[in-house]
Every structure is written in structure tokens, then in C-alpha cells.
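**Q**
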Amino acid sequence: MKRHLISAGDLTRDDALLVLDTAEELARVSERSIKKLPTLRGRTVVNLFYEDSTRTRISFEAAAKRLSADVINFSAKGSSVSKGESLKDTALTLEAMGADAVVIRHAASGAPHRLATWVRGSVVNAGDGTHEHPTQALLDAFSMRRRMGRIEGLKVAIVGDVLHSRVARSNVLLLHALGAEVTLVAPPTLLPVAVDSWPCQVSYDLDAVLPKSDVVMMLRVQLERMNDAYFPSAREYSRRYGLDRERFGRLHDDAIVMHPGPMNRGMEISAEVADSPRSTIVEQVANGVTVRMAVLYLLLSGSEPAIGGDL
Ligand code: CP
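Numbering (the working numbering), first residue to last: 1491 to 1801.
1. Identify whether residue 1618 lies in helix, strand or coil by the three-state DSSP scheme.
2. I need the straight-line Cα distance from residue 1563 to residue 1554, nearest angstrom please.
3. Can you check whether the CB of residue 1556 is closer than 8 Å to the CB of residue 1778?
4. Between the C-alpha atoms of residue 1800 and residue 1692, what's the straight-line distance to the nearest angstrom?
5. Should residue 1751 be listed as close to the ligand CP, given that the test is whether its C-beta is under 7 Å from any heavy atom?
6. So does residue 1770 have its beta carbon nearer than 7 Å to some heavy atom of the ligand CP?
7. Tell me the residue span of the alpha helix (DSSP H) that contains residue 1505.
8. Three-state secondary structure (DSSP) at residue 1525?
9. Quick one: grab the DSSP three-state call for residue 1626.
10. Under three-state DSSP, which class holds residue 1569?
11. Heavy atom of the ligand CP less than 7 Å from the Cβ of residue 1620, yes or no?
12. Kindly give me the distance between the Cβ atoms of residue 1592 and residue 1536, rounded to whole angstroms, as I take these residues to be in contact under 8 Å.
13. Taking the beta carbon of residue 1816 as the centre, do at least 16 other beta carbons fall within 10 Å, making it buried, or is it exposed?
14. DSSP on residue 1760, reduced to helix/strand/coil?
15. Between which two residues does the beta strand (DSSP E) containing residue 1491 stretch?
16. Quick one, which of 1672, 1654, 1664, 1604 has its alpha-carbon nearest residue 1681's?
17. Going by the C-beta, is residue 1880 closer than 7 Å to any heavy atom of the ligand CP?
18. Residues in the same chain with beta-carbon distance under 7 Å from residue 1702, minus the five sequence neighbours each way, listed in chain order, please.
19. Using the C-alpha atoms, what's the distance from residue 1783 back to residue 1533?
20. At a threshold of 7 Å, does residue 1739 count as lining the ligand CP (C-beta to nearest heavy atom)?
21. Say yes only if the C-beta of residue 1654 is nearer than 7 Å to one or more non-hydrogen atoms of the ligand CP, and no if none qualify.
22. Residue ranges of each beta strand (DSSP E) run of no fewer than 3 residues wholly in the region 1678-1734, ordered along the chain?
23. Check residue 1496 in the structure and name its three-state DSSP category.
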């Protein structure tokens, strides 16, 4: 693997499989009463969050701690960022504190890429603007493989607000590398201009795509990033692109439903579908810790075994 994880496109098929297989090994640790490994003892992981997060921030912290790394949590709120300190100066301050890895979430697409030019440690993109969220794609792939037994050949529909979604782009890149067939389903207003160059199909018709799908990944409608009207009303969006009980009935019996969270229950997904046994939403959160352990381990510990004689 490269030194940084900025884009899912940084991962070859072999890199991605290495992360998933390492996560599978590490999942055994998460099932024990004592969940800690000494693998990253003496290493420092900084969580640098300029945007709100629940799942990603907590799971990176849990992942680093389970590998015995020292963890510094930095939130832009309440820091010297409010006094105008730049990302570069903040990064150099953290570097001076000995960060071996910086996990960054930022509202600006490209911020992790810039950060990687300023720090010596590894940079992990925990979500940058509308660009990418590679560890979300890895945990989604891990969750799919666990439920479906494979990724190669799976038909995956990614549905909703693709335009504002960093999860969609990272998933398309990763799933394509792993041999899945991805179809993006969205209203034309919620698709990026350059979507034709993405390695996937595009459809505007959810009802036509559902019966052919093995996995349906619903995306959050990112109302906070919308300055214009992208659809007539929430009710109309839900009617055309929401996954409710009736649409769920069009899926084949083994198909699963995913959502990266946080959800707008009642808008892109009904509560009944979100809480059904064929929804992987809670598993995705649990798998996030394991997959992020694998990423930190592979970036920081070189060739030492993930689970070795220390056990
Ligand atoms: N899926 C995801 O990135 O969730 P958070 O915004 O809560 O981290």
C-alpha cells in the first residue's frame, strides 16, 4: 500500500483485498473480552476533524486504541482554528507533537491531499467535502463480503444524492476494482456532470434497477450542502427514490440494504426497511472499527504480523 490513503483509487485490487483480509483477521480480536493488541504501541494517531462526525471519528479512535496507539483527538470547534489558524499551521503543530498518522475530515475536497504534502506521517482521508471517503468504501465492501460471501460479480445499486456524496465516488472506485457491477440511481439533478467517466452504469429508474440488484446502498440526502432546489419536495423525492416497504418487496430474497449513516429516516429510507434483518446498517458501524484497525495497522506497522506472538 501507499503511505497515505486519500482516495479509494489509490488501492489496487490486491491492496483492497489485503485490507479486507487483515480486517477479517482483526475481527477475531473484536470478538474477545479483551480487545487490545500491542501492535501500534508507541505510535501516535491524530484525529483531525474539521467537520462533524459520529461513526468515523469514534471508530478511528476505537481502532487506534485497540491497537495500543496513543490517540490525540482534535476538533476544529473550540480550537485555535476559530482564531484563524490555517490547516497548514495546525498540521505542523500536530506534527511537532509526533503524529505518525493524521486522520482528517474536512469540508474542502482535496484537504487531505494538501495535508499529505506538509506532514511526514501517513494521512488518512476520513471524508473530504464531496470528494471521497475511502475507509467508508472499505467497510462497505467488508460488510458486503461478510453478508454475501463475495464481491466479484455482485450487482450493487447506489441510490440517491450522488452529487454531494463522497461515499458514492469511493464505493464506485473500490467496487469496480473488486469486480462488482455498480449502477448509480438518482434524479438527473443529483448526478455529477462527469459521471459518464465513472466506471459504472447510471439509471434514473429505481423500480427498474431494484429487482436486478444484490445490494442496494441508499445515500443520505445532504440537505446541508444544497443551496438550490434539486427536487420539488421531500415527499416527491421519497416517492421516486425512497426505499419503503413496497419497493423493498421488489428485491430478491437474498438482497441486502446498506446505508453509510447518518440516515434521514422517512426520506431516503423508511424506518421499517432500515431496521429489517436484511439491513446491514448496524453491522457497517461495527465493521468500521475493524476495517479502520486494518488500515492503521497496514499504514503504520510495515511487515510485522497483525496478530502474532503477542497474543
Ligand atoms: N458514515 C459516516 O461518515 O458517518 P459520520 O459522518 O457519522 O462519520
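Glycine included, every Cβ here is placed at the ideal spot set by N, Cα and C.
**A** In this structure, then:
1. For the purposes of this step, residue 1618 is taken as residue 128 along the sequence shown, with counting starting at 1. Residue state, collapsed to three classes: strand.
2. Within the sequence shown, numbered from 1, the residue matching residue 1563 stands at position 73. Within the sequence shown, numbered from 1, the residue matching residue 1554 stands at position 64. Computed Cα separation, rounded: 11 Å.
3. Taking the sequence shown and counting its residues from 1, one reaches residue 1778 at position 288. Taking the sequence shown and counting its residues from 1, one reaches residue 1556 at position 66. No, the pair does not count as a contact, with Cβ atoms beyond the cut-off.
4. Along the sequence shown, read from residue 1 onward, the residue named residue 1800 stands at position 310. Along the sequence shown, read from residue 1 onward, the residue named residue 1692 stands at position 202. At residue 1800 the pLDDT is 42, less than 50, meaning the model places this residue with poor confidence; the figure from the coordinates comes in the next sentence. As the crow flies, the alpha-carbon of residue 1800 is around 49 Å from that of residue 1692.
5. To locate residue 1751, count along the sequence shown from 1; it is residue 261. Result yes, Cβ under 7 Å from the ligand CP.
6. Your numbering for residue 1770 matches position 280 in the sequence shown. No; taking the cut-off as 7 Å, the Cβ of residue 1770 has no heavy atom of the ligand CP nearer than that.
7. One-based indexing of the sequence shown puts residue 1505 at position 15. Here the alpha helix (DSSP H) through residue 1505 covers 1503-1520.
8. Here the question's residue 1525 lines up with position 35 in the sequence shown. Three-state DSSP puts residue 1525 in coil, outside helix and strand.
9. For this step, residue 1626 is matched to residue 136 along the sequence shown. In the structure shown, residue 1626 sits in a helix (DSSP, three-state: H, G or I).
10. Looking up residue 1569 in the sequence shown gives position 79. DSSP places residue 1569 in coil when its eight states are reduced to three.
11. Along the sequence shown, one-based indexing puts residue 1620 at 130. Incorrect: residue 1620 has no Cβ contact closer than 7 Å to the ligand CP.
12. Position 102 of the sequence shown, counted from the start, is the residue given in the question as residue 1592. Position 46 of the sequence shown, counted from the start, is the residue given in the question as residue 1536. Correct: roughly 5 Å between the Cβ atoms.
13. Because the chain is modelled from 1491 through 1801, residue 1816 falls outside the range shown and cannot be assessed.
14. Within the sequence shown, numbered from 1, the residue matching residue 1760 stands at position 270. Of the three classes helix, strand and coil, the one that applies to residue 1760 here is coil, per DSSP.
15. Position 1 of the sequence shown holds residue 1491. Unbroken run through residue 1491: none, as it is neither H nor E.
16. In the sequence shown, the residue the question calls residue 1681 occupies position 191. Selected option, being the one with the closest Cα: 1654.
17. In the structure as shown, the chain begins at 1491 and stops at 1801. Residue 1880 is therefore absent and cannot be evaluated.
18. Working through the sequence shown from its first residue, we reach residue 1702 at position 212. So the qualifying residues of the chain are 1645.
19. Position 43 of the sequence shown holds residue 1533. Position 293 of the sequence shown holds residue 1783. Each residue's alpha carbon lies about 13 Å from the other.
20. In the sequence shown, the residue the question calls residue 1739 occupies position 249. Result no, Cβ not under 7 Å from the ligand CP.
21. For the purposes of this step, residue 1654 is taken as residue 164 along the sequence shown, with counting starting at 1. The answer is no for residue 1654.
22. Taking only runs of at least 3 residues, the beta strand (DSSP E) segments lying wholly in the region 1678-1734 are 1691-1693, 1705-1708.
23. Walking along the sequence shown from the start, residue 1496 turns up at place 6. Of the three classes helix, strand and coil, the one that applies to residue 1496 here is coil, per DSSP.
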